[in-house]
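Data first, discussion second: the structure below is written as structure tokens.
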Amino acid sequence: VKLAFMGRRRCAFFDRLRHASILVCLSVCLLAPQTCLGTTPANTQRDEETAAEMANVKYTVVTHNVPRPAYRSDFVKMKDKNGKEFECVMPSKMTEEQDAHHVEEQKQQAERSAKSEQELPSLDSLLAPLTGRCFLRPDGYWNFELCHGKKLRQFHEEGRKTTVEYSLGDFDKAVVPDVISKDSMDSSVVKHFYEGGTRCDETKGPRHAVVMYRCVEGKENHIESMKEDATCSYLIVFATPLLCDHPLLAGGARGSTQVKPRVSDYLVGLSGTCFYRVEGWWTYEFCYQKHLKQFHQENSVNTAEFMLGLYQEDTKIADDSHNIHIDDASKDSSAFYSQSYTKGTICDVTGEPRQVEVQFKCATDSLNVVSSIKEKATCKYALVFYTPLICNHPAFQSKKDTIRNIECYPTQK
């Protein structure tokens, strides 16, 4: 197979690159840089996986005027358009010497990381200054009081007298992630669980809550938000600068260690808010992590109303990346994050409860807005919601091409 090139040429092809016999053409990169595509037959699952991994990889052919180093023994012979022969080392191949060096570097890095971790304070220990302090957040009729590491309660006051009070739980345990990154500054990194609160009449069980602590620089310690995410189950977000001092969150010893932040953590700002869209006769009410309702109103009275879906949270799932999908119908194959709202009003046609898929899409130049609602199938709906809140999540940022070099050396006669 002939290789045509002059100097550095970039080729946007992907290939298994495992045997010289299946190496495809790097041809037609002549007098000016241009794109050349090449593939090998994808007849195995491995081929498909490799193609997916290399979809954003571009290759640059680099020519040298010196002989090929002896240790780079894994090469393929090729010729340029003038018939000059080169020995080209593919980027996916490593000699035994290189591989041994790479393994040794990884081992040393792991040892350095382990040593650094032993010297770092735990994330939960950084919250020690909050011990013995209580924080209050008014929310309409109710007040919520969090006494860090002790108890959480909900109460109503008239004058200075408490007339109604419910315990939302006593402190049970703290949970911190195994690994974190600087991205964690945008989401919660410590969770406190409160159990054994006042008995709930609806669930016949005790009230309980989760307090999510997150790093917020330049602000006082405060309860940022709270919501009843399920009947008698509460979620409180607590903002504190104390966590920001940890080296891992400040780009320290393991600042480069990647962890997948939850998309739902980026959407906390939507909590307690409802959004509306009018389409013809119907008005739609979407309340984040609550419900989607369809109704018709006359003289401020709902004359027709259907619940299209209720939010069902799976608190056991720590990673919600499985809910990130690619919209193949969009021009740029953009990503969206989906949530399911089920157990709506029973459908007369199917006899099944109505249900909705809510698709959250990034829109940096838009406010939070319901873009569209469609009935994809009988009593099954899709709601598209645009928000700038998720645009900082890694999955919704544009991917840059990875550049790899194909090193070519003149063949020695």
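If you count by mature numbering (1 follows the signal peptide of the UniProt record, and there is no 0), then the sequence shown holds residues -38 to -1, 1 to 375, one letter each, in order.
Every residue, glycine too, gets a C-beta built ideally from N, C-alpha and C.
Values in this document were obtained by computation on a predicted structure and should not be read as measured data.
- DSSP places V230 within a helical segment (H, G or I) once states are collapsed to three.
- Apart from sequence neighbours up to five positions away, the residues of its chain that approach Y299 with a beta-carbon distance below 7 angstroms are V225, N285, I286, F322 and I352, ordered along the chain.
- DSSP lists no bridge partner for K181.
- Between V151 and C177 a beta carbon distance of about 7 angstroms is seen, short of the 8 angstroms cut, so the two are scored as contacting.
- Contact between P203 and G180 holds: their C-beta atoms lie close to 7 angstroms from each other, under 8 angstroms.
- Apart from sequence neighbours up to five positions away, the residues of its chain that approach I335 with a beta-carbon distance below 7 angstroms are R239, E241, Y246, Y343 and L345, ordered along the chain.
- Pairing F97 with S262, the inter-Cα distance amounts to about 39 angstroms.
- Here G271 is bridged, per DSSP, to L254.
- For W244, the uninterrupted beta strand (DSSP E) segment begins and ends at W244 to C249.
- For a cut-off of 8 angstroms, the C-beta gap from P356 to N27 is around 41 angstroms, too long to register as a contact.
- For Y196, the beta-bridge partners assigned by DSSP are A171 and E190.
- Taken in chain order, the complete beta strand (DSSP E) segments of 3 residues or longer contained in the segment 302 to 365 are 317 to 324, 331 to 339 and 342 to 349.
- According to the DSSP assignment, K41 belongs to the beta strand (DSSP E) that extends over V38 to K41.
- For P91, there is no enclosing beta strand (DSSP E), as DSSP gives it neither H nor E.
- Counted as a single uninterrupted DSSP element, the beta strand (DSSP E) harbouring V126 occupies residues K123 to V137.
- If you look at C206, you'll find it isn't in any beta strand (DSSP E); DSSP assigns it neither H nor E.
- Close CB contacts of D282 within its chain, under the 7 angstroms cut and outside five residues either way in sequence, are with R224, V225 and S226 (chain order).
- Residue pairing by DSSP places N367 opposite T22 in a beta bridge.
- Going by C-alpha positions, G121 is about 38 angstroms away from S87.
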